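First to last, the protein sequences are chains A and B. Basically the working numbering = 1-based index in the first sequence + 3. Basically the working numbering = 1-based index in the second sequence + 3. C-beta: ideal position from N, C-alpha, C; glycine also. If you're wondering where the values come from, they're calculated on a predicted model, not measured in any experiment. Single-structure report; data block below.
2 protein chains.
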Amino acid sequence: MAVSADWLRGYTDAILLRELQEGDSYGYEIQKHVSALSKGTLQLKEATLYTAFRRLEQAGYISSYWGDEMQGARRRYYHLTPQGEEKLREEKAQWRETRKTLSILLGEDGYEV
Amino acid sequence: MAVSADWLRGYTDAILLRELQEGDSYGYEIQKHVSALSKGTLQLKEATLYTAFRRLEQAGYISSYWGDEMQGARRRYYHLTPQGEEKLREEKAQWRETRKTLSILLGEDGYEV
DNA sequence: TCTATATACCTCATCTGTCAATGTACTATT
DNA sequence: AATAGTACATTGACAGATGAGGTATATAGA
Numbered sequence: 004m005a006v007s008a009d010w011l012r013g014y015t016d017a018i019l020l021r022e023l024q025e026g027d028s029y030g031y032e033i034q035k036h037v038s039a040l041s042k043g044t045l046q047l048k049e050a051t052l053y054t055a056f057r058r059l060e061q062a063g064y065i066s067s068y069w070g071d072e073m074q075g076a077r078r079r080y081y082h083l084t085p086q087g088e089e090k091l092r093e094e095k096a097q098w099r100e101t102r103k104t105l106s107i108l109l110g111e112d113g114y115e116v
Numbered sequence: 004m005a006v007s008a009d010w011l012r013g014y015t016d017a018i019l020l021r022e023l024q025e026g027d028s029y030g031y032e033i034q035k036h037v038s039a040l041s042k043g044t045l046q047l048k049e050a051t052l053y054t055a056f057r058r059l060e061q062a063g064y065i066s067s068y069w070g071d072e073m074q075g076a077r078r079r080y081y082h083l084t085p086q087g088e089e090k091l092r093e094e095k096a097q098w099r100e101t102r103k104t105l106s107i108l109l110g111e112d113g114y115e116v
């Protein structure tokens, strides 16, 4: 079952920041990695991906630079800034809270309703 | 920590359907109940609540009727339809999938990254 | 009596993130 | 020459959340 847009909204930023925590990377690679990690259930669309990168860079959470590929298509690499690391910590805390709250509200395992 | 808008988006419908699974209810009561269950971390805004009711009724997932209050403000009660029950099952399955996927992507407890 | 608070519902304009569609450009394979 | 893969980018449309505003009843307190 695929994870749809509305359920994804708001998590995109956290996912991208988390990916960059493993080291600098670029759009296409991150897209493939997320797809692989999620076993294909989450397919970040290109437009979503690049809009998110713009947003995150504008906010100072990531910075970017062009790779020096000698052959093949050019790549824009992204780097997690200290503010981005802090933001990621917040987003993860937010996720834990949301997960707990929704599990309660939807009546899931281990949480009393 | 409060659950913010973007993290909530898309879950509203599921939450409301789940509330109605416990029996017919009305906006104000559901709002208070959700707030209590979530220990105040999730405050459904009125506008969000009522637009969601419209959406759900239009889709056939709930039906509504006016209560016969003899005193006090009038109440519009909502009732979960069979289609709504089915929809709730789907939404809960979707939530389990989303929770699993995001826990993996954000590198949480028990899931390897 | 006047005021504030709680109950209870409703609508509209605005904002924001997602995404289909479209475009550019290079490389490798058939 | 055609097809597929890599890689980035923009734009307009769409949908859900919400601030701000409005309506109405009931009760408690100054």
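is_contact[residue i, chain A] using C-beta, thresh 8 Å
i: residue 61 (chain B); result: no
i: residue 54 (chain B); result: no
Interface flag, residue i vs chain B, CB-CB below 8 Å
i: residue 21 (chain A); result: yes
i: residue 4 (chain A); result: yes
Proximal chain B residues relative to residue i, where beta-carbon distance stays under 7 Å
i: residue 10 (chain A); result: 13, 97 and 101
i: residue 41 (chain A); result: 104, 107 and 108
Beta-carbon proximity list for residue i, same chain, < 8 Å, skipping 5 on both sides
i: residue 68 (chain B); result: 79, 80 and 82
Other residues of its chain near residue i: CB distance less than 7 Å, five sequence neighbours each side excluded
i: residue 63 (chain B); result: 84 and 86
i: residue 21 (chain B); result: 91
Contact list for residue i against chain B, beta-carbon separation under 9 Å
i: residue 70 (chain A); result: Correct list: empty, because the minimum Cβ distance to chain B is about 24 Å.
Residues near residue i by beta carbon distance below 6 Å, same chain, minus five either side
i: residue 47 (chain B); result: 34 and 37
i: residue 17 (chain A); result: 94
i: residue 115 (chain A); result: For residue 115 (chain A), the predicted model reports a pLDDT of 48, less than 50, meaning its position is unreliable; a value from the coordinates is still stated below. Excluding positions up to five away in sequence, the list is empty.
9 Å Cβ cut-off: residues of chain A touching residue i
i: residue 17 (chain B); result: 105, 108 and 109
Neighbouring residues, chain A, relative to residue i (Cβ below 7 Å)
i: residue 44 (chain B); result: 100 and 104
DSSP bridge partner residues for residue i (one or two, in chain order)
i: residue 29 (chain A); result: A:80
**OP:** Return the chain-ordered ranges of every beta strand (DSSP E) run that is complete within the region 44-101 of chain B and spans a minimum of 3 residues.
**Re:** Correct list: 65-69 and 79-83.
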